[in-house]
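Structure record follows, encoded as structure tokens.
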Amino acid sequence: MRKSVFSLMSLFVVLSLVLAACAPAATPTPEVIKETVEVPVEVTVEVPVEVTPEVVAYERSETLYVSGAAWGPPSDWNPFITWSKANTTGTIGLVYETLFMYDPLTDELIPWLAESGEWTDANTYDLKLREGITWSDGQPLTAADVVFTFELGQKYAALWFSPTWNYLDSVTAIGDYDVQFNFTDPLYQEWASNLYNIPIVPKHLWEGRTEEEVTAGANENPVGSGAYLYESHAEDRNVWVRNEDWWATSLLGLKPAPKRIVDMRFASNNVALGAVIKGEVDLSNNFLPGIATLSEKGYVQTYFAEAPYMLSANTAVLFLNTTKPPMDDPDFRRAVAFAINTGDIVNVAYANLVKAADPTGLLPSLAKYVDQAVVDELGFSYDPDEAKAILAAAGYVDVDGDGFVEAPDGSKIELEVTCPFGWTDWMEAIKVIANSAQDAGINIQDKTPDYGAWDTALTTGTFDMTLNNWAGMSNTPWTLYNLLFNHPIRDVMGSGNFGRYDNQQMFDLVDQLAATPSTDEAGMKAICSQIQELMLTEMPVIPLWYNGLWAQYSNAVWTNWPSEAENIPSRLPCTWSGYWQMGGLLTLTELEPVPPSE
Amino acid sequence: MRRYFGRKLLIYILTFFLAVTIDWLIPRFMPGNPVQTMLSRAALRAEAVEVMYGYYTRAFGLDVPIWQQYLNFWNALFHGDLGTSVYMFPQPVTKVIMRAVPYDIFLLLPAILLSWYAGNHFGAFAARTKWLDNTILPVGYILTATPYMWLGILLAWVFGIVLGVFPIAGAYSFALRPHLSWTFIRSVLHHWFLPFASLFLVMFGGWAIGMRNMIIYELEADYSHYLEALGAPRRLVRKYAFRNAILPQITGLALQLGVIAAGALVTEVVFSYPGIGYLILAAIQNQDYFLIQGCFLFIIIGVLLANFAIDIAYVIVDPRTRLGMTGEAA
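Protein chains in written order, with numbering that gives the first Met the number 0: chain C, 0 to 597; chain B, 0 to 329.
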């Protein structure tokens, strides 16, 4: 079996070599295209090695060194494999592109592969592609590629965007550059996020692939439409080289400044810190405690010159397990919210690198959806006396005199707050949570199980209280609410509502929000206001602080980094998975090389 | 002789079988579910998670009963297939390990052999030499008691950051692609030096102390006194003592060589060196059943081979073993 596969592969190698030799000759005949389709991409990796002379040493002045994005060694370049995409974050964004980009700082969908897109009626979305976009192999990118990509989700349930087909009926190409999507009861909010998250792949290279190759193939030497091409990789790096024929250079006048991007993976934070200090990293997206000092001493630059230094990327939320007493009591939950000293988390655990969260949990980039009147009336802040008062009023008193309150039925309250072991910033944070709750008379201890044990407790609902931050920056408040109030309640809650808060009224509101057109801002605000009112009354989750978009940059080789200062581009300086199309790539187009000093 | 090795071989096969079984069992006893963990990290929609959970559970062969998984594991093992890594999906485990092992060998083999040679000779030389015993051996004690981690960070800080003469991360410059040239070879050696030095120093201290203590014991033995009484020169007495004292050190050396495949976890983490040590850590953190199994399989094989080598080495270096075998089955 293995042997026959091997000989088959070597056949393909020979075939692809022959093809590669023919390729530049002339316009390929239809037969040749058909042949190319048969070639699995795993094999075509051999080709550039044979035909192009390798560049073996990178010029410092043309190379951008980044770190902090890769979680593991590069393992695949398949834009559809979600769980290892964090090992090679450039797959989507640098190589494969999305129809739109999204800029969280201006809350704008930026037409990208698409020139425009709009809802022509409640169930129809018309998309117009830009003319003149080519794949890196020279083939044009057309409506057929978009249709093909979306239909992969219809064919293969194991693709992450497959559930879109629950409300998507058909995707039709009209001519070469127009695509029409037809829906029944579309989820507008999710659709908008699909537009800048689903990577478009070339039909001519993917249509011959088996289900396994699409869903689980490594897709080495990827052919995309993006600004960079795969060049090489090793266990601790991904190297991308600029695509000199990138469509946006001629169509939009954009050209990323670095000829190469070397995305480095460091085994530990102290290595990352050392590399930052030595100026070996131009952009570090690692969480480095103490970066504030380095920033003030001028070693690195951060988005804000002062605290919190970083933009906010996601909300750290305390989930309370509402199936367990006393956390099934909204009064108790509200008391916990008032008992937590978020100020200490921000100042002590994070040394001012983060900001305290809005009581609604919505990120600053979505602040317009916060109903300030609701927050003024129902919001919470650190106030141990208020916490004690709420507890006393609800019948929680210290009966046995151990300094901690007992439940109204007299039973002892002993709770744990958890986070995975090794997440040092969170470990500090839950210490603060436990201590401040104890000061208010609630017996909460901090525990740090292994990630696996923590994850099992989280998804099966056996924890008491735990931190989570899985809703990142997004175009819609629905992303956060979908995490907080995911429904229906199932045995394993794998993607939200870990505390199993069961309230049909809330679920209906979230569903209503999902089905509100993204253009109907007033409608969205009205629903958000109701959600916030219910959330702050019932307090099933407690938003605590915003984790930062950790980014520190050096001006030694590249300048014009994003900053709050005027006349400087405000983009997300981020190379994390999913952030290239939220400003990461545009940051690169605005970088300027530092002229070599004499 | 044949009977001796025959029996040894049987024991090795049994040990291998048991060790591999335990290796297979342990990750599965860890709390948590790797597929669920990887999926929840991707933070997807609930519907997608459910479908993908089923898909990947099947893909990793985790959907069949546990006994079936065990049989499948042995079956695949005999076909040279260690499965697909969960955390580095879809890379096969064999490929992942094969990419990392050369770095370990390159880092550890010289460190172990050189420190063993230098440490033993230095220890033997220093023993009973007053000024050395009083000055340098305490340094040896400090070295061997130093955690690798700490020494590594110290070296990285001083030579990498303060003096800036050595790089602190990677196996070769991030500005290079592997190719055959002096620039590249220099870069590899340059990156290799600090991790090597931290390993060498700590191990050197250990061997030197061990040898020094052992040789003092041997110098107190009757045969040494007898030789001295006969008026044998100091060098000769030491030579005999050294030959006896080296035996336990050979065992130590072989065991060290056996776990080469385990890499040097801490050193690799501190210097971000892409060996197998760091891989094991990541595999355990990510509950990557197949990668854990694969890494430990290499360690098991390494240790068994090392033990086998010790058995042979003893026959060669220690005549008593040889005599024992011919007289009575060992």
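Just so you know, even glycine gets a beta-carbon here, dropped at the ideal spot from N, CA and C.
* **Residue interval of the alpha helix (DSSP H) (run including Leu390 of chain C)** => Pro383 to Ala392
* Could you pull the start and end residues of the beta strand (DSSP E) that Met426 of chain C belongs to? => Counting along the chain, Met426 of chain C falls outside any beta strand (DSSP E), though it belongs to the alpha helix (DSSP H) covering Thr423 to Asp438.
* **With 16 other Cβ atoms within 10 Å as the buried cut-off, status of Met309 of chain C** => buried
* For Arg241 of chain C, name the three-state secondary structure that DSSP assigns. => strand
* Asked: Quick one: Cα of Leu483 of chain C to Cα of Ala274 of chain C, how far?
  -> 37 Å
* Asked: Can you list, in chain order, the residues of its chain whose CB lies under 6 Å from that of Ala207 of chain B, leaving out five sequence neighbours each side?
  -> Gly118, Phe121, Gly122 and Gly139
* **Three or more C-beta pairs below 8 Å linking the segment 130–137 of chain C and the segment 222–229 of chain C** => yes
* Do Gly498 of chain C and Leu319 of chain C come within 8 Å of each other at the CB atom, strictly closer than that value? -> yes
* At 7 Å on the CB atoms, spell out the chain C contacts of Thr182 of chain B, in chain order. => Ala56
* Leaving out five residues on either side along the sequence, give the residues of the same chain with a beta carbon under 8 Å from the beta carbon of Thr183 of chain C. => Asn122, Tyr166 and Asp168
* Coil, strand or helix - Val63 of chain B by DSSP -> coil
* To do: Could you check the C-alpha separation between Ala58 of chain B and Asp244 of chain C for me, to the nearest Å?
  => 38 Å
* **Test: Leu81 of chain B CB closer than 8 Å to a CB of chain C** => no
* To do: Give me the Cβ distance between Thr88 of chain C and Trp579 of chain C, rounded to the nearest whole Å; I'm assuming they're in contact under 8 Å.
  => 7 Å
* With a threshold of 16 other CB atoms inside 10 Å of the CB of His203 of chain C, please say whether the residue is buried or exposed. => buried
* **Contacts that Phe265 of chain C makes with chain B (C-beta to C-beta distance below 8 Å)** => Ala168 and Ser271
* In angstroms with no decimal places, state the Cα-to-Cα distance between Ala191 of chain C and Asp424 of chain C. => 33 Å
* Check each residue of the segment 28–46 of chain B: if its Cβ is closer than 7 Å to any Cβ of chain C, include it; give the result in chain order. => Met29, Pro30, Gly31, Asn32, Gln35, Thr36, Met37, Leu38, Ser39, Arg40, Ala41, Ala42, Leu43, Arg44, Ala45 and Glu46
* Asked: At a Cβ threshold of 8 Å, is Asn546 of chain C touching chain B?
  -> no
* Asked: Which of helix, strand or coil does DSSP assign to Thr83 of chain B?
  -> strand
* Quick one: is Thr475 of chain C buried, meaning 16 or more other Cβ sit within 10 Å of its Cβ, or exposed? -> buried
* Going along chain B, which residues have a C-beta under 7 Å from Pro72 of chain C? -> Met87
* Leu108 of chain C, DSSP secondary structure in three states -> strand
* Local Cβ density within 10 Å of Lys129 of chain B, reported as buried at 16 or more and exposed below that -> exposed
* Among C:Val261, C:Thr455 and C:Asp382, which residue has its Cα nearest to the Cα of Val55 of chain C? -> C:Val261
* To do: Run the CB neighbour count on Gly79 of chain B, radius 10 Å, all protein chains shown included, and call it buried at 16 or more, exposed below.
  => exposed
* To do: Could you tell me if Met51 of chain B is buried or exposed, where buried requires 16 or more neighbouring beta carbons within 10 angstroms of its beta carbon?
  => buried
* What residues match up with Asp177 of chain C in a beta bridge as DSSP calls it? -> C:Lys127 and C:Ile173
* Asked: Do you know offhand how far Val48 of chain B's Cα is from Gln188 of chain C's?
  -> 19 Å
* Alpha-carbon to alpha-carbon, Met37 of chain B and Asn285 of chain B -> 8 Å
* Apart from the five residues just before and just after Asn644 of chain C, which ones in its own chain have a Cβ nearer than 7 Å to its Cβ? -> Absent from the model: residue 644 of chain C. The displayed extent of chain C is 0 to 597, so no value can be given.
* Asked: If you draw a straight line from the C-alpha of Tyr102 of chain B to the C-alpha of Asn346 of chain C, how long is it?
  -> 42 Å
* Asked: In chain B, which residues lie less than 9 Å from Arg59 of chain C when you measure between Cβ atoms?
  -> Ala174
* Can you tell which of B:Glu46, B:Ala18 and B:Gly31 has its C-alpha closest to the C-alpha of Leu495 of chain C? -> Residue identity differs from the one stated: residue 495 of chain C is Gly in this sequence, not Leu. Here the closest residue by C-alpha is B:Glu46.
* To do: Kindly list, in the order they appear in chain C, the residues whose Cβ is closer than 8 Å to that of Tyr239 of chain B.
  => By Cβ distance, chain C contributes nothing, its closest Cβ being about 47 Å from Tyr239 of chain B, past 8 Å.
* **Minimum C-alpha distance to Met263 of chain C - residue among C:Trp70, C:Leu512 and C:Asp75** => C:Trp70
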